[in-house]
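Novice:
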Amino acid sequence: KAGVTQTPRYLIKTRGQQVTLSCSPISGHRSVSWYQQTPGQGLQFLFEYFSETQRNKGNFPGRFSGRQFSNSRSEMNVSTLELGDSALYLCASSLAGATTNEKLFFGSGTQLSVL
Amino acid sequence: GESVGLHLPTLSVQEGDNSIINCAYSNSASDYFIWYKQESGKGPQFIIDIRSNMDKRQGQRVTVLLNKTVKHLSLQIAATQPGDSAVYFCAEAQTGANNLFFGTGTRLTVIP
Chain A
93 KAGVTQTPRY LIKTRGQQVT LSCSPISGHR SVSWYQQTPG QGLQFLFEYF
143 SETQRNKGNF PGRFSGRQFS NSRSEMNVST LELGDSALYL CASSLAGATT
193 NEKLFFGSGT QLSVL
Chain B
503 GESVGLHLPT LSVQEGDNSI INCAYSNSAS DYFIWYKQES GKGPQFIIDI
553 RSNMDKRQGQ RVTVLLNKTV KHLSLQIAAT QPGDSAVYFC AEAQTGANNL
603 FFGTGTRLTV IP
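Residue numbers (this note's numbering), protein chains in the order written: chain A, 93 to 207; chain B, 503 to 614.
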């Protein structure tokens, strides 16, 4: 069974640009969560989608958005990039989400560098 | 807000020794706790979890202990191996909320 797949693996952007990251969950998983990982802040929750609906959102500005498609694949978008957005963006999937206290399976992440 | 912190940012152990990684959490409403292992260039990998109605849970070479009175969580790794070298994160969650709050991580280095 394939794991969580994130593309691209690396991205370099400049300030002011926008970026879209993609995540394909494990087959059969309907919940997709996104996390930002930085050396200073650690792992921080961005948002979670289940059946194409955003169920929960972390404390990030509106420049961070996401969506989920009917096949459970998810994308996140960051507009008007800032230097501080440089981070590893991780996607995690589970059958139904942490509401039911299930394991999250993480992808390897997309390393975003903003210059 | 929630705060999940680790007592030690780094831990070095000799191969074959036991390792103990500690974690403090602040949200008394959290009822689900997880330990993740993250190796360089990879995403976090699930190790073991425990629910708040338990004090201890054992897996293969790993044991998680939960002390709700002092809001403390620990991960014990028996007979630590070089492959255990990684950053370990604890995370907490609350039933009804579908997001995890992660600690800052402890880097475990196993000395051969």
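Idealized CB from N, CA, C, for every residue including glycine.
1) List the whole-angstrom C-beta distance separating A:Gly150 from A:Leu138, where the pair is believed to meet the contact cut-off of C-beta under 8 Å.
2) Taking 9 Å as the CB-CB limit, is A:Arg147 close to chain B?
3) Kindly indicate if chain B contains any beta-carbon less than 9 Å away from that of A:Phe257.
4) Classify B:Met556 as buried or exposed, calling it buried when 16 or more other Cβ atoms lie within 10 Å of its own Cβ.
5) Looking at C-alpha atoms only, which residue of B:Ile552, B:Thr608, B:Gln516, B:Ala588 is the closest neighbour of B:Asp533?
6) For A:Gln160 and A:Glu144, which I take to be in contact (beta-carbon distance under 8 Å), what is that distance rounded to the nearest angstrom?
7) Skipping 5 residues on each side, what residues in its chain have a beta carbon closer than 8 Å to that of B:Arg563?
8) Quick check on this structure: which residue in A:Gln109, A:Ser125, A:Gly108 has the alpha carbon closest to the alpha carbon of A:Ser210?
9) Taking the beta strand (DSSP E) that A:Arg155 falls in, what are its first and last residues?
10) For a cutoff of 9 Å on Cβ pairs, would you count A:Gln160 as touching chain B?
11) Considering only the beta carbon of each residue, do A:Val170 and A:Thr106 sit closer than 9 Å?
12) Let me make sure I understand the geometry here. Which of B:Ile613, B:Asn600, B:Thr608 has the alpha-carbon closest to that of B:Thr512?
13) Can you give the beta carbon distance from A:Thr202 to A:Leu103, rounded, assuming they're within the 8 Å contact cut?
Specialist: So, to answer that:
1) Between A:Gly150 and A:Leu138 the beta-carbon gap is near 5 Å, inside 8 Å, which marks them as a contact.
2) Closer than 9 Å to some Cβ of chain B, the Cβ of A:Arg147 qualifies, so yes.
3) Summary: the structure shown does not reach residue 257 of chain A, with chain A confined to residues 93 through 207, and so no result is reported for it.
4) Burial check for B:Met556: the Cβ neighbour count within 10 Å stays below 16, so the residue is exposed.
5) Closest in alpha carbon position to B:Asp533, among B:Ile552, B:Thr608, B:Gln516, B:Ala588, is B:Ile552.
6) Yes, they are in contact, since the Cβ atoms of A:Gln160 and A:Glu144 sit about 5 Å apart, within 8 Å.
7) Cβ neighbours of B:Arg563 beyond the five flanking positions: Ile579, Ala580, Ala581.
8) Since the first residue of chain A shown is 93 and the last is 207, residue 210 of chain A is not available in this structure.
9) It is not in any beta strand (DSSP E) - A:Arg155 carries neither H nor E in the DSSP assignment.
10) Chain B contact via Cβ: absent.
11) In this structure, A:Val170 keeps its C-beta atom at 9 Å or more from the C-beta atom of A:Thr106.
12) Of the residues B:Ile613, B:Asn600, B:Thr608, the one whose Cα lies closest to the Cα of B:Thr512 is B:Thr608.
13) About 6 Å separates the beta carbon of A:Thr202 from that of A:Leu103, a gap short enough to meet the 8 Å contact definition.
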